[in-house]
Amino acid sequence: MTAPLVGAVGVIGAGAVGQSVAMLLAAGGWCESVRIVSRTGLSVQALVTDLEDMCQVTASSVRAVHVTDAGQLVSCEAVVVCPRGDFTNTARTDIRMAGLNANGPVIAGLARKLAHYQGLVVMVTNPVDVLTRLFAEVSGCPHVYGVGSNTDTARYRLALAQVLRVPVEDVEGHVIGEHGDQAVVCASATRVNGRPVEVPVGQIHRELADRPARINAGLGRTRCGPAGAVIAALRAGLGLDDTVVELSVNHERRWMGIPLRFTAGRPTVCLPRLDAAEARQLVAADDKLRDAYEPLARLHVPVRPSWKEKTAVTRTATHIATAAQAVTVTSNTPVVTEWALRYFGPWWNAASTTADDGPQVIADVNPARVTEIAQHIADHAHDEAVYANSTMHIDRDDDGTVAASQPDDKLVYRAEPDGGPLRIYGCEDVPIALAAARLAREVVRGKLLADGWSILHASAVVRDGRTVLTLGDKGAGKTTTALLLARAGWQLLANDRVFIRREDNRLRVLPWPSAAAIGLGLLDALDWYDQVRERVQRGEQLHPTQHQKVTDALHSGSRTPLWNESGKELKPQFFPDQLHSWLGLTLVTEGHAARILFPKITPGTEPALLDEDRSVGADDFFTAGTEDRYPDVFGLLPADLPGTQPLLELLGDLPRNVLALGHDVKANTDFLAQVTGPTA
15 MTAPLVGAVG VIGAGAVGQS VAMLLAAGGW CESVRIVSRT GLSVQALVTD
65 LEDMCQVTAS SVRAVHVTDA GQLVSCEAVV VCPRGDFTNT ARTDIRMAGL
115 NANGPVIAGL ARKLAHYQGL VVMVTNPVDV LTRLFAEVSG CPHVYGVGSN
165 TDTARYRLAL AQVLRVPVED VEGHVIGEHG DQAVVCASAT RVNGRPVEVP
215 VGQIHRELAD RPARINAGLG RTRCGPAGAV IAALRAGLGL DDTVVELSVN
265 HERRWMGIPL RFTAGRPTVC LPRLDAAEAR QLVAADDKLR DAYEPLARLH
315 VPVRPSWKEK TAVTRTATHI ATAAQAVTVT SNTPVVTEWA LRYFGPWWNA
365 ASTTADDGPQ VIADVNPARV TEIAQHIADH AHDEAVYANS TMHIDRDDDG
415 TVAASQPDDK LVYRAEPDGG PLRIYGCEDV PIALAAARLA REVVRGKLLA
465 DGWSILHASA VVRDGRTVLT LGDKGAGKTT TALLLARAGW QLLANDRVFI
515 RREDNRLRVL PWPSAAAIGL GLLDALDWYD QVRERVQRGE QLHPTQHQKV
565 TDALHSGSRT PLWNESGKEL KPQFFPDQLH SWLGLTLVTE GHAARILFPK
615 ITPGTEPALL DEDRSVGADD FFTAGTEDRY PDVFGLLPAD LPGTQPLLEL
665 LGDLPRNVLA LGHDVKANTD FLAQVTGPTA
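The sequence shown finishes on residue 694 if you use this note's numbering, and the numbering steps up by one all the way, no holes.
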């Protein structure tokens, strides 16, 4: 069996054209796999099953794969975009343009998912010339082409051959401009057997309009012709065929169909000569397409510097340190380093710097590197893990270098052995900033663990250096207890986990910087809901890991707790600095453990001490084996973690209370103030 010429080709949309394209790809045998995604998963599952049957019957080696999200197509060599919005087309003229308002948002959303994808993109969705431009300008993808004029050209040659009663192979001619009512028939440059001919342009225009109408009347949708045009564009753009294809592309700031001569995948414009009337028609088509595009651009195209402009700025750096351990984050965009300042500053020590000594996390906007590394990993056997709730593909070289990709986030990583730099590449500022903050924290975490620190699952507040630790299972009330005490004058050290180490006969405690999750019900109970909602309505942003349902609830004024399918509560997510600027809490950078609380929250319960003996156990510590969100993919943690027994002994000597709390905020606060009074 002949090896496939290219790897994976993605298809977005499982309608008439999507089905036909997928079938031609599967039957063609020149690609390794066809990966299909659609808004309706049921249709994709059916199509993949049907294609599997066909490939088995025809002995095709092409694999049909159901993909659940368009962002996962970033490792494909080409992507075909052919979804259709939900609308009924009742137009009698400008039929293709009628889908503009319905299809525009769909294409813009897909463009954001595939931002800076470096492979070949073939647009099919109508109005194809406008939406090709929209996809290209929203996504920043460099190789975006729209089919349409290629189908028109094929129909033109067929129609003229029939009128002149000559073989279609003898006809040379093009249709350019709009794929629609203002298509330009290049009659003056048309040749039959190399000689000029008289072209009945009016009759040809009528046939160009009637031909798809006849297909639609009988089949409901045109499918085979556009699918054939897609295959021609794919093979030309991927360097499989040297040929001329009429495609919509940006030429001299005009987005419309023109002939492109492809040689080894590289296009060259080869516009035919136009007479004066045809040139005027082309200008009119350009004006029409521009007028249709401008309202879409105002809605969907972000006003932002290009990637090239971003890479030209001076590199910036943020130095992050706590307990004599440090890391430096550097980037080609200040968004990343400013994010690190904001994220680590309130709890650790973070400052802008020009030095790059010591461990480094280098986090750059570089779409080309994203595609290169993601493709390398996809082409080799690799491991998988879930890191920060996202699937990560991992490739480990013999020299200890680790490469990883997160296709859903369009992020890639490269970690060098023996403490070398950890590099992160992405397509957009914010995902890179999130990843850089996570991994900078992991670098410091590894150094702290190597220096004898452990991680305890606890919230913590501090007063006069004395730290109250609150422990318990999920939902026990760790965050609630810490926030109640913080509202009552304590300083907030952490809301979920802390670093802890024995120093002399005391237990020193450091914060674990992270976004703080506070449920809608708790926000309401603590009288913070209205002020948070007001800020969100003014356009201020909470942490981007927050679920959209939470943001929607804040906009609508809903205070009802939200839950996902697995039963986990969806909560507002606050940047560390917002705990102070939005909620008025004071944050602190360290303390020494002085008391331990084990709360149990039960609705209707009066606050009280419980006659139970609960102590800190080994299960209250995070270890490499129990880490549920940040597995040690890049080998940043020491092989031998510090033992917890010395800590358990000192923790066992601290005053501790098991207590019941209800939902009465004032009663709970008064009771906690009493319990956490001066400690010897």
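From the three backbone atoms N, C-alpha and C, an ideal C-beta is built for every residue, glycine too. Remember, predicted model here, so these are calculated numbers, not experimental data.
Asked: Host beta strand (DSSP E) of MET137 (start-end); Found: 134-137
Asked: Separation of THR330 from GLY251, as counted between CA atoms; Found: 38 Å
Asked: Under the three-state DSSP convention, the category LEU540 falls into; Found: coil
Asked: Nearest candidate by alpha-carbon position, reference VAL263, set HIS394, VAL138, ALA674, THR342; Found: VAL138
Asked: Cross-strand partners of SER419 (DSSP beta bridge); Found: HIS407, VAL426
Asked: Cβ contact (3+ pairs, closer than 8 Å) linking the segment 456-467 and the segment 590-607; Found: no
Asked: LEU124 versus ASP378 - alpha carbon distance; Found: 23 Å
Asked: When ASP409, ASP478, ASP301 are compared against GLU430, the one with the closest alpha-carbon; Found: ASP409
Asked: Outcome for LEU686 when other beta-carbon atoms lying within 10 angstroms are tallied against a minimum of 16; Found: buried
Asked: Simplified DSSP assignment, three categories, for HIS390; Found: helix
Asked: Residue of VAL81, GLU221, ILE610, SER89 minimising C-alpha distance to LEU668; Found: ILE610
Asked: Proximity of HIS188 and THR167 at Cβ, strictly below 7 Å; Found: yes
Asked: Environment of LEU624 [buried if 16+ CB atoms lie within 10 Å]; Found: exposed
Asked: Under the three-state DSSP convention, the category PRO381 falls into; Found: helix
Asked: Nearest to PHE588 (by Cα), restricted to the options THR616, SER528, GLY618; Found: SER528
Asked: Residue range of the unbroken beta strand (DSSP E) whose run includes SER766; Found: Here the chain has residues from 15 to 694 only, and residue 766 is not among them.
Asked: Pairwise C-alpha distance: ARG428 and ASN207; Found: 58 Å
Asked: With 16 other Cβ atoms within 10 Å as the buried cut-off, status of GLU323; Found: With a pLDDT of 42 at GLU323, under the threshold of 50, the predicted position of this residue should be treated as unreliable, though the coordinate-derived value follows. Answer is exposed; the Cβ neighbour count stays below 16.
Asked: CA-to-CA distance, VAL602 to PRO360, given in whole angstroms; Found: 7 Å
Asked: Coarse secondary structure for ASN346, derived from DSSP in three states; Found: coil
Asked: Three-state class that DSSP yields for THR527 in the structure shown; Found: According to the sequence displayed, residue 527 carries Pro and not Thr. Here PRO527 sits in coil by DSSP.
Asked: Inter-stretch contact at 8 Å, needing at least 3 Cβ pairs: the segment 29-41 / the segment 232-241; Found: yes
Asked: Assigned secondary structure, ARG294 (DSSP; H/G/I helix, E/B strand, else coil); Found: helix
Asked: Of the listed residues VAL51, ARG459, LEU568, LYS585, nearest to LEU524 (C-alpha basis); Found: ARG459
Asked: Runs of alpha helix (DSSP H) wholly within the segment 41-102 (minimum 4 residues, chain order); Found: 55-72
Asked: Helix, strand or coil at HIS333 [DSSP, three-state]; Found: strand
Asked: Neighbourhood of PRO652 by C-beta, 6 Å cutoff - its chain only, sequence neighbours within 5 removed; Found: LEU463, ALA464
Asked: Closest residue to CYS441 among GLY154, HIS396, PRO316 (Cα-Cα distance); Found: GLY154
Asked: Assumed close pair ALA699, CYS45 - CB separation to whole angstroms, cut-off 8 Å; Found: The question about residue 699 has no answer here: the residues shown for the chain are numbered 15 through 694.
Asked: PRO181, buried or exposed, once every other Cβ within 10 Å from all chains shown has been counted against 16; Found: exposed
Asked: Given ILE218 as reference, the closest of ARG304, ALA175, VAL259, ALA203 once Cα atoms are compared; Found: ALA175
Asked: Three CB pairs or more closer than 8 Å across the segment 78-96 and the segment 39-58; Found: yes
Asked: CB-CB length for LEU453 against ILE469, believed under 8 Å; Found: That belief does not hold up - the Cβ atoms of LEU453 and ILE469 are roughly 16 Å apart, past 8 Å.
Asked: Start and end residues, beta strand (DSSP E) containing PRO281; Found: 280-283
Asked: Counterpart residues of VAL400 in DSSP-defined beta bridges; Found: THR405
Asked: Where TRP269 sits in the DSSP three-state scheme; Found: strand
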